[in-house]
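The listed protein sequences correspond, in order, to chains X and Z.
For the first sequence, counting from 1, position 266 maps to 266 in my numbering; every step adds exactly one.
One rule links them: number in my numbering = place in the second sequence (from 1) + 350.
Backbone N, C-alpha and C fix where the C-beta goes; we use that ideal spot for every residue, glycine too.
A quick note: this is a predicted structure, and the numbers were derived from the prediction, not measured.
Protein chains: 2
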Amino acid sequence: MAEGISLEELQLAARNHGMPLEALRYDLTPVGLHYLLIHYDIPAVDPDTWTLTVGGQVAERLSLRLADLKEREAVEVTATMECAGNGRAALIPRPVSQPWLLEAVGTARWRGVRLASLLEEAQLLEEAVDVVFTGLDRGIEKGVEQRYQRALPVEVAFSDDLLLAYEMNGAPLLPQHGFPLRLVVPGWYGMTNVKWLTSITAVDEPFAGYQHAAAYRLRASEEEEGTPVTRMAPRSLMVPPGIPDFHTRARTLERGPVLLQGRAWSGHAAVNGVEVSLDDGATWQEAALEPGASPWAWRRWTFGWEAEPGRYVLACRASDEAGNAQPDGPSWNVGGYSNNAVQRVPVTVA
Amino acid sequence: MAEGISLEELQLAARNHGMPLEALRYDLTPVGLHYLLIHYDIPAVDPDTWTLTVGGQVAERLSLRLADLKEREAVEVTATMECAGNGRAALIPRPVSQPWLLEAVGTARWRGVRLASLLEEAQLLEEAVDVVFTGLDRGIEKGVEQRYQRALPVEVAFSDDLLLAYEMNGAPLLPQHGFPLRLVVPGWYGMTNVKWLTSITAVDEPFAGYQHAAAYRLRASEEEEGTPVTRMAPRSLMVPPGIPDFHTRARTLERGPVLLQGRAWSGHAAVNGVEVSLDDGATWQEAALEPGASPWAWRRWTFGWEAEPGRYVLACRASDEAGNAQPDGPSWNVGGYSNNAVQRVPVTVA
């Protein structure tokens, strides 16, 4: 890390929490350990007066209460969700925003209504090109006051797996996860999964709101237009083995057999391989991969290691069926997005 | 903040999460927003093989499964819990540990078995002076490998309100809050509320383990013996009004009536007053105080403000019936504990 974290970054780190990496052991991330990134404040929402409107370029405008949504057919999807800024704190120079190391991830079972079925009910007009999702959270970014908004192209919005979720892991959404309703877009980075959803609007021009035009773009310089951040790049993370030092988090383990384990995911295609290195990436060996709970959920992997005394830098890396693989080091961009460089875990075997 | 946060401090901040201050609006902190401080890793505990032993200076050694505990009479307590290190990041120089700003707090409804009833069952011998609580979490601190352990004097351990809790807010403890069982000591800072409890041991000499002798002492220098950190000093925190800037968290609000609100607590005695300042502490006015859910739970306060355009530094401070009050600025100590200096919230009214 080039420079110390500033007070402004610390304020964000104290609010937005990651998933401690030992929680990679759980298929479903226990509530409260799933990562959270909240741009503004958690809004106070009264479920009795809350409504969702579906409008804009539609033939049938909808206004729905929570009970209306729960009366419709429910579907479930287990999905891994990662913040687009995960890995940001490893970039040099470090883009100033939420200073994630590697913990901005989690896997949840979401339950709700298929987005496509509501869009069909509203009968999108042919003019519609984008669908805009607006949350109830309000704040200011770079001088622009806004409610948090993200959009999807119409053809993506009609995909089968997209959900308007009112439950997470079998319980009503918690306030911090978007109560009473959030969008879930499996495979995409978290910024697309709009929380505290209050309206869905079909628009006849490509959406150019702040979170599309200014934020969440891969750009080499501020002047560049760049390309939008969309799907999660492949990543593998391991449970750091052994026991930690409280202050440094340095790991120590005993000699003998160790089962290294972790999870791997990609938003582009199925993960088809995870490799482990015991020598800081000089040589690599295949890990054993287990099936995921769904095509959108992380896959567990394991690797047996006969640990001999010494110092090691462990590493792991994933690839997917679309041909994407993790790079050894980060590639810098203005916003600090999508840094899926290989994780390294120094350990001492005593 | 004197110097930037180091990588080691950031690693801790990424794992241990605070409660976003807008969550002061809830009487009970929603699961996942309650603060967390985990010295080592969250241990994986199999509830089917887990046991609690009560031993040492006792006439009847007990070995209890979770089902045995649930068969006993259940009691509940609603308690506010705060990390002893809350406010540490404001100290200059900053003690290097978890860099809390102000968010290390939460209020939960705990349910479990009265500690005193189990100690009575085990029949403590007259020789017993301290009761030692050992968790399953293991790690290293300043070179000392250990399971997390804290102790209480026998007379405190027999107090009526102490609990061995297996439920939090009506659900089984989550892994990160100490599943399957934790100690709850209302009024004391969090370090005493041992998680992943596996044994309770009555000892005939004052306990001098690492977390008593080396950590959690108020000391002006490393050489000093110091005094133990015990009960929570009084503190009031407010919900920052208006809307935030994402990157700086700076607050903006509209002119007109604003209901300032917050919570106040003390581990020494009942909170008997909260004052609000609109001018950075130059003048103070009484806030309206509401009753708490229990003698150990924070009390809500409100203060009506007719906001005129301008820049303000809002502040609030609490006092308790034992005569304790919040200081205007921090008092430094080696470990960075118990900094209950007055909260300040700069705002711009537009």
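Segment contact: the stretch 277 to 287 of chain X against the stretch 245 to 256 of chain X, fewer than three CB-CB distances shorter than 8 Å; contact not assigned. Within 10 angstroms of the beta-carbon of Glu-432 of chain Z lie 16 or more other beta-carbons, which makes it buried.
When secondary structure is reduced to three states using DSSP, Arg-497 of chain Z falls in the strand class. Those residues of the stretch 377 to 389 of chain Z placed with their C-beta closer than 9 Å to a C-beta in chain X are Pro-380, Val-381, Gly-382, Leu-383, His-384, Leu-386, Ile-388 and His-389, ordered along the chain. Membership of Asp-320 of chain X in the beta strand (DSSP E) is indicated by the continuous run 310 to 320. The stretch 667 to 678 of chain Z makes contact with the stretch 605 to 624 of chain Z: 3 or more CB pairs, one atom from each, lie closer than 8 Å.
Under a criterion of Cβ atoms nearer than 9 Å, the residues of chain X adjacent to Leu-524 of chain Z are, in order, Pro-30, Val-31, Gly-32 and Leu-33. The beta carbon of Ile-5 of chain X sits closer than 6 Å to those of Pro-99, all from its chain and outside the five residues before and after it, given in chain order. Using a Cβ distance threshold of 9 Å, Ala-614 of chain Z and Ser-644 of chain Z do not count as a contacting pair. For Arg-15 of chain X, no beta strand (DSSP E) encloses it; the enclosing alpha helix (DSSP H) starts and ends at 7 to 15.
For Met-81 of chain X, the beta-bridge partners assigned by DSSP are X:Gly-106. Put simply, of X:Arg-72, X:Val-129, X:Ala-84 and X:Asn-86 the residue whose alpha carbon is nearest the alpha carbon of Ser-117 of chain X is X:Arg-72. A residue is called buried once 16 or more other Cβ atoms fall within 10 Å of its Cβ, and Asp-398 of chain Z, having fewer, is exposed.
Each residue's CA atom was taken as its position, placing Val-692 of chain Z and Arg-375 of chain Z some 19 Å apart.
Less than 9 Å separates the beta-carbon of Arg-415 of chain Z from that of Trp-400 of chain Z.
Take the alpha-carbon of Ser-688 of chain Z and the one of Ala-424 of chain Z: they are about 32 Å apart.
Scanning X:Ala-128, X:His-17 and X:Tyr-210 for the CA closest to the CA of Lys-142 of chain X turns up X:Tyr-210. For Ala-657 of chain Z, the enclosing beta strand (DSSP E) starts and ends at 649 to 657. Here Val-132 of chain X carries a strand assignment [DSSP, helix/strand/coil]. The residue from X:Pro-309, X:Val-274 and X:Pro-240 with its alpha-carbon nearest to that of Arg-255 of chain X is X:Pro-309. Residue X:Thr-134 holds the alpha-carbon nearest to the alpha-carbon of Val-203 of chain X among X:Pro-180, X:Gln-176, X:Glu-224 and X:Thr-134. Interface residue (Cβ-Cβ distance to chain Z less than 9 Å): Trp-100 of chain X is classified as such.
When beta bridges are read from the DSSP output, Val-425 of chain Z appears opposite Z:Gly-462. Around Ser-447 of chain Z, the beta-carbon contacts reaching into chain X at under 7 Å are His-247. About 26 Å separates the beta carbon of Gly-489 of chain Z from that of Thr-379 of chain Z, a gap too long to meet the 8 Å contact definition.
At least 9 Å separates the beta-carbon of Ala-637 of chain Z from that of Leu-664 of chain Z. Across the stretch 480 to 501 of chain Z, CB contacts with chain X closer than 7 Å involve Arg-488, Gly-489, Ile-490 and Glu-491, in sequence order along the chain.
In the DSSP annotation of this structure, the continuous segment of the beta strand (DSSP E) that includes Gln-611 of chain Z starts and ends at 606 to 615. Taken through DSSP and simplified to helix, strand or coil, Leu-639 of chain Z comes out as strand.
DSSP places Val-504 of chain Z inside the alpha helix (DSSP H), whose first and last residues are 504 to 507. Annotation for Gln-561 of chain Z: the continuous alpha helix (DSSP H) segment containing it runs 560 to 563.
Interface criterion not met: the Cβ of His-268 of chain X is under 9 Å from no Cβ in chain Z. Note that the C-beta distance between Trp-296 of chain X and Val-77 of chain X is below 9 Å. Straight-line measurement puts the Cα of Ala-128 of chain X at about 32 Å from the Cα of Ala-44 of chain X. Contact between the stretch 150 to 157 of chain X and the stretch 8 to 28 of chain X is absent, with fewer than three C-beta pairs closer than 8 Å. Leu-402 of chain Z is positioned such that its CB atom lies closer than 9 Å to that of Ile-550 of chain Z.
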